[in-house]
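Each remark here refers to the structure printed beneath this line.
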Amino acid sequence: MVSRVRVWLNRTYAENVFFMDQLRSNPHARPVDIHATHGDADSPVLAAADTADLEPEGLSPAAYVEYALDQCAKRGIDVFVPRLHQAAIAAHREEFAAVGTALLAPPAEAIEVFEDKVTAYEAVQAYGVPVPPWFRVTSVDELVAAVEELEAGGHKACFKPAAGAGGVGFRVVTRAPFSLAHLNGFPSPYVPLDLVVEALRAADEQVDWLVMPRLEQPEVSVDCLTGPDGRVRMAVGRTKNGRRRGFSLNPAWIEPARLIAETFGLHYLTNIQFRMYGNKPVLMDVNTRPAGGLHQLALCGINAPWAAVQLALGEETGDVMPGRLGQDYTVVSGPRAVRSVSVPHQGMDVPAAVGVPGAAGVAVVEVPVGAVAPAGCKPATDRPLAV
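Just so you know, full-length UniProt numbering puts 103 at position 103 of the sequence shown, and the rest follows in order with no gaps.
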């Protein structure tokens, strides 16, 4: 009899409903139970899970580790995929192993290198990975000096938090005065420099920003799967140029990503992003977690979440190569279920919504127009469409 695998995802982003779908539709037909926790009772990951809890608020990283250890022991978790407090959890890998739980996360030392973008750039540059010019700024004078230097070189300046993820806080600096043009249409990432300066002068605290040239497309996110032995099993680039998406095995993107993953021990699923600086690709960011768009690799015939769980369980996958690269595609969004009843605090299970895509026990995979879905699977919402 094939043993059931119990996987926990903590306070993760909504797109990981597809991560969960792929675990259930694994090619070995191995039964998977998924536990999810979140701070938002309406998160779709709670509805997609077999069991779910609301997480306690206000825990320090150390207290959260204790909470997580208790969850793993109580729930019989085989594989824990942490996002919240990832580094703190990874630092206690042996304690999780003692309760029977494998962590699907890199070592804490590797996570910490890439939590700060300046530290990350300095670290990878030492190994020959190309990076864009950057300036770390904390004050008005430093910001203005950095913007002026980039503009003198013919670049458009942008800034983002030195530590952060998901594009939060990213802005492109413009010299155009604030006008109705900024209020027409959808909100824009462009912000007049004089307004930024005014806001900084009015602030009671320093900022910690990275100022750099606005990098050009294409953007290529290389999804890597690396074993705990440090050997990369998978490295596939997902390209983005406007709305058009595709896949690439171009060494210009793949080789530096493999170098970073192997050099810094980025075990399991990581995402390494590049953009163009002039006519050469440069590193933009390194995410030490599975990417939100990881499920799109299903269009290549790859089930990366399941391969990662296998490695975490000590099962060898061999090299995971795309069976095809396929045609280009775009991504559209759609509705996703939330739980039909509120989720109680502190470990009380409630049944998932019944009969809706994404609820517990309903496998969903993404299928491009014109392709054939695997037997027993339904097309997903938020699915890629061929272009």
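Just so it is clear, CB atoms sit at the ideal spot from N, CA and C, and this is done for glycine as well.
DSSP three-state call for Pro-290: helix, strand or coil?
coil
Who are the near neighbours of Gln-217 in its chain, counting only those whose CB is closer than 6 Å to its CB and skipping five residues on each side? Asn-241
key: Within 9 Å, strictly: CB atoms of Val-65 and Asn-10   = Between Val-65 and Asn-10, the C-beta gap is not smaller than 9 Å, which leaves the two residues out of contact.
Any contact of the stretch 173-183 with the stretch 242-252, i.e. 3+ C-beta pairs under 8 Å? no
When the Cα atoms are used, what is the spatial distance from Trp-209 to Pro-27? 44 Å
Should Ala-359 be labelled buried (16 or more other beta-carbon atoms within 10 Å of its own) or exposed? Because the pLDDT at Ala-359 is just 37, under 50, the model does not fix this residue reliably, and the value given afterwards should be weighed accordingly. Ala-359 comes out buried.
Discussion item. Within a Cβ cutoff of 8 Å, which residues of the same chain sit near Asp-33, ignoring the five residues on either side of it in sequence?
Written reply: Arg-4, Val-5, Arg-6, Val-7, Asp-50, Thr-51
Buried or exposed for Met-321, going by 16 or more other Cβ atoms inside 10 Å?
exposed
C-beta atoms of Cys-300 and Arg-258 nearer than 9 Å | Not closer than 9 Å, so no.
Taking the alpha carbon of Ala-29 as the reference point, which residue from Gln-310, Val-332, Pro-228 has its own alpha carbon closest?
Gln-310
Q) Under the rule that 16 or more other beta-carbon atoms within 10 Å means buried, what is Asn-184, buried or exposed? A) Result: exposed.
In chain order, what are the residue ranges of uninterrupted beta strand (DSSP E) at least 3 long that sit wholly in the stretch 28-108?
For the stretch 28-108, whole beta strand (DSSP E) runs of length 3 or above, ordered along the chain, are 32-38, 51-54, 79-81.
- Closest Cα partner of Lys-156 within the set Leu-313, Leu-215, Thr-37: Leu-215
Margin query: So the candidates are Gly-265, Leu-269, Asn-287; which of them puts its Cα closest to the Cα of Trp-306?
Written below: Leu-269
Note to self: If contact is defined by three or more beta carbon pairs under 8 Å, each pair taking one atom from either stretch, is the stretch 121-136 in contact with the stretch 282-302?
What the structure shows: yes
Inset, instruction - Establish whether the CB of Pro-133 and some CB of chain D are separated by less than 9 Å. - result: Among the chains in the structure shown there is no chain D, since it carries only a single protein chain.
Original post:
Just checking, does the stretch 11-24 make contact with the stretch 79-97 on the three C-beta pairs under 8 Å criterion?
Top reply: yes
* In chain order, what residues of the same chain lie with their CB nearer than 7 Å to the CB of Ala-235, ignoring the 5 residues before and after it? -> Val-222, Cys-224, Ile-254, Ala-257, Arg-258
Practice task
Please state whether DSSP places Arg-244 in a helix, a strand or coil.
Solution key: strand
Taking 9 Å as the threshold (C-beta atoms), are Pro-213 and Gly-292 in contact?
No, Cβ-Cβ distance for Gly-292 and Pro-213 is not below 9 Å.
Can you tell me which of the three DSSP states Gly-361 falls into? The pLDDT assigned to Gly-361 is 34, lower than 50, so where the model puts this residue is not dependable; a value taken from the coordinates is nonetheless given after this. Here Gly-361 carries a coil assignment [DSSP, helix/strand/coil].
### Message
Please list the terminal residues of the continuous beta strand (DSSP E) segment that includes Leu-269.
### Response
268-277
For Ala-73, which residues of its own chain have a beta-carbon under 6 Å away from its beta-carbon, when the five flanking residues on both sides are left out?
Val-99
Would you mind giving the Cβ-Cβ distance between Ala-91 and Ala-108, rounded to the nearest angstrom? I have them listed as a contact below 8 Å. Cβ-Cβ separation between Ala-91 and Ala-108: approximately 4 Å, consistent with a contact (criterion under 8 Å).
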